[in-house]
Structure formats: structure tokens, C-alpha cells
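Read through the structure below, which is laid out as C-alpha cells, and then see the notes.
In this note's numbering, the protein residues as written are 2 to 134.
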């Protein structure tokens, strides 16, 4: 059953809709594509692009909202403690088998100190590079 799209929807295809609710202080609008809720129109658009790439065989193992626990080791006791979690928007493998981790960010959210710290921690802990789109 096709979804009826509002006139303000700027995204191609008949499988996405804009809910019209503001989701955060940066003004991102919650958008639903293929029954999946995304925090912003940009994230929903990127998902649509990645699903097309996966269907074409350019990428595989597309994962939504992969979670990376951030842990520390106590210097005195050696105990490991989870102190935070980094949740990226997407991860997938490209045609060469490299794992790509992506986060869709606006210029305002790229400047967020907590986001930058968590991104640096996950890159150092897991030996990956987070791509911002």
C-alpha cells in the first residue's frame, strides 16, 4: 500500500513521508522511510541512497544505528567500566571489504563537544574512522 506523501516532501520515491514533528533543538524533522523512523530528512535520504547501493551490489552488510560501547580501565584495580555508548547512523562494507561507519551531521551538530569527544573515543578504541556526511 503506497504512502500518500505531503507536498512538502523533497525526497524521491513513494516510500517516505515527513511526520512534521520537530525532533531536536537543531530543528531536524523526523522522517519515516520504509517504515523506519529517522531523526532527520538528511539521514533518511542517506538511508535511501545506501539501500540503492546495496541493491546494486556496491556495498553490503548495511546496518542501522550500530552501537559502540565506550569503556575505560580503572588504573588501580584494572576493572573495565562502560562509561558511554556511541551510536552511529550507519555501518556497511564497501566493495573492497572495508567497514565504513557513517554519521549524518549538520554543521551545528558537528561542533557539539560531546559528539566530538565520543567520535574521537570510538575511533581510538575501535581503530575506525567515522565518516561524516
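Yeah, the Cβ is synthetic: ideal placement off N, Cα and C, and Gly gets one too.
By the criterion of at least three beta-carbon pairs nearer than 8 Å, the region 85-101 is in contact with the region 55-74. Of all C-beta pairs linking the region 75-87 to the region 31-43, fewer than three are shorter than 8 Å, placing the two stretches out of contact. With a 10 Å radius around the Cβ and a threshold of 16 neighbouring Cβ atoms, residue 106 comes out buried. Excluding five sequence positions before and after residue 129, the CB atoms of its chain that fall closer than 8 Å to its own CB belong to 100, 102, 123, given in chain order.
Residue burial annotation: residue 120 is buried, with at least 16 other C-beta atoms found within 10 angstroms of its C-beta.
Judged by DSSP secondary structure, residue 50 falls outside any beta strand (DSSP E) and instead within the alpha helix (DSSP H) spanning 42-56.
Around the CB of residue 35, fewer than 16 other CB atoms lie within 10 Å, so the residue is classed as exposed. Bridge partners of residue 92 according to DSSP: 64, 102. Beta-bridge partners of residue 39 (DSSP): 32. Apart from sequence neighbours up to five positions away, the residues of its chain that approach residue 65 with a beta-carbon distance below 8 Å are 37, 48, 90, 91, ordered along the chain. Taking the Cα positions, residue 69 is about 19 Å away from residue 40. Its chain contains 104, 106, 111 as the residues whose beta carbon lies nearer than 7 Å to that of residue 133, once the 5 sequence neighbours on both sides are disregarded; these appear in chain order. Spatial neighbours of residue 74 in its own chain (CB-CB distance under 6 Å, excluding positions within 5 residues in sequence) are listed in chain order as 81.
Across the set 53, 117, 108, 115, the C-alpha of 108 shows the shortest separation from the C-alpha of residue 27.
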